[in-house]
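Numbering (the numbering used here), first residue to last: 34 to 146.
Yeah, the Cβ is synthetic: ideal placement off N, Cα and C, and Gly gets one too.
Please read the structure below before turning to the comments.
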Amino acid sequence: MKKNYLLFLVAISLFKGYGQFVVSSSGNSFINSNIKLDYTLGEVLTSTLENNGYLVTQGFHQTSWSILSSNNILNEVDIKIFPNPTCDYLNICSDINSVIMVEIFNVSGQKLF
Numbered sequence: 034m035k036k037n038y039l040l041f042l043v044a045i046s047l048f049k050g051y052g053q054f055v056v057s058s059s060g061n062s063f064i065n066s067n068i069k070l071d072y073t074l075g076e077v078l079t080s081t082l083e084n085n086g087y088l089v090t091q092g093f094h095q096t097s098w099s100i101l102s103s104n105n106i107l108n109e110v111d112i113k114i115f116p117n118p119t120c121d122y123l124n125i126c127s128d129i130n131s132v133i134m135v136e137i138f139n140v141s142g143q144k145l146f
């Protein structure tokens, strides 16, 4: 039993850690406003699904991610927004001593301000 266990550990240590990839002679990508669809010959369909900020990519045909830039995000900011609900005006108070950009969206995701 010890001999099999040792052989298993040696065999596992010889494998290099590669991510999923596919070598294909044919394939294509389609993109519209709601979905990006990639396919390769030999793997009919892959998709990337998102829910609550979590991404899941199916299949061997994997998407590569590159972050080009990011906004400076403040971790701890004291912001007061009132009244809630409102229909005419909205007060926004903050302890930030610089100019900030504010965007306001309605429940449907339409930009109001």
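Taking DSSP's pairing of strands, which residues face residue i in a bridge?
{"i": "phenylalanine 138", "result": "Lys144"}
{"i": "asparagine 61", "result": "Tyr72"}
Three-state secondary structure (DSSP) at residue i?
{"i": "leucine 74", "result": "coil"}
{"i": "isoleucine 45", "result": "helix"}
{"i": "asparagine 130", "result": "coil"}
{"i": "asparagine 124", "result": "strand"}
{"i": "asparagine 37", "result": "helix"}
Start and end of the beta strand (DSSP E) containing residue i?
{"i": "isoleucine 114", "result": "112-115"}
{"i": "tyrosine 87", "result": "87-90"}
{"i": "glutamate 83", "result": "81-84"}
Applying the 10 Å Cβ sphere with the 16-neighbour rule, what's the burial state of residue i?
{"i": "aspartate 71", "result": "buried"}
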